[in-house]
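Q: Below: one structure in structure tokens.
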Amino acid sequence: MGRILAIDYGRKRTGLAVTDILRITANPLLTIETKDLMKWLADYFTKEPVDEVVVGHPTQMNGEESESMNYIRPFMGNFKKQFPDKPITMYDERFTSVLAHQAMINGGMKKKDRQNKAVVDKIAACIILEGYLDSLIK
1196 MGRILAIDYG RKRTGLAVTD ILRITANPLL TIETKDLMKW LADYFTKEPV
1246 DEVVVGHPTQ MNGEESESMN YIRPFMGNFK KQFPDKPITM YDERFTSVLA
1296 HQAMINGGMK KKDRQNKAVV DKIAACIILE GYLDSLIK
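Reminder that position 69 of the sequence shown reads as 1264 in this note's numbering, one-by-one numbering, no gaps.
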């Protein structure tokens, strides 16, 4: 059984999170510059068994897709071309940044550290992954 990798895709930075090999826990992995993402993924897939990739699906409160989909769709198309053997799924990412900030506050992180957007991005990816894992159980 391979891991599930979550992607919180952004124009500048992309947060990544991954499950353990048994798919029990979701863990923040890192934040990478989006321009380097495909190369990083290719390298990571050679080192780690990943069976599925989950990408945050940005939607508005009314359920419609947000404008962010204008740059996420091309990424997904490129991903499918480069990694045709990796299933890719979208999962609702509403409120993940808010939840990431709240998790940092609850964890006692200092205000200066909470302002680091790279930390927010990888925690948001972890929240997406946790939600996706929970949806598999229901």
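Where is the CB? At the ideal position from N, CA and C, for every residue including glycine.
Determine the DSSP secondary structure at I1137, reduced to helix, strand or coil.
A: Limits of the chain in this structure are 1196 at one end and 1333 at the other, which puts residue 1137 out of reach.
Q: What would DSSP say about G1210, mapped onto helix, strand or coil?
A: Note: G1210 maps to strand in three-state DSSP.
Q: Considering only heavy atoms of the ligand FMN, does any lie closer than 7 Å to the CB of S1261?
A: As far as ligands go, the structure on display features none, and thus does not contain the ligand FMN.
Q: Could you give the DSSP three-state label for G1251: helix, strand or coil?
A: Correct three-state label for G1251: strand.
Q: Rounded to whole angstroms, what is the Cα-Cα separation between V1248 and N1257?
A: Each residue's alpha carbon lies about 26 Å from the other.
Q: Tell whether a beta-carbon distance below 8 Å holds between R1198 and T1209.
A: In this structure, T1209 does not lie closer than 8 Å to R1198 by Cβ.
Q: Can you name, in chain order, every residue of its own chain whose Cβ lies under 8 Å from the Cβ of K1317, other than the five neighbours on each side?
A: D1203, G1210, L1211, A1212, P1223, L1224, L1225, T1226, listed in sequence order.
Q: Can you check which of these residues, V1245, K1234, P1269, K1207, is closest to K1201 by C-alpha distance?
A: Residue identity check: residue 1201 is Ala in the sequence provided, not Lys. Considering only alpha carbons, the answer is V1245.
Q: Near C1321, which residues of its chain fall below 6 Å by C-beta distance, leaving aside the five closest residues on each side in sequence?
A: So the qualifying residues of the chain are A1212, A1221, P1223.
Q: Given a cut-off of 8 Å, decide if R1218 and M1196 are closer than it, judged by their beta-carbon atoms.
A: Yes, the Cβ-Cβ distance between M1196 and R1218 is below 8 Å.
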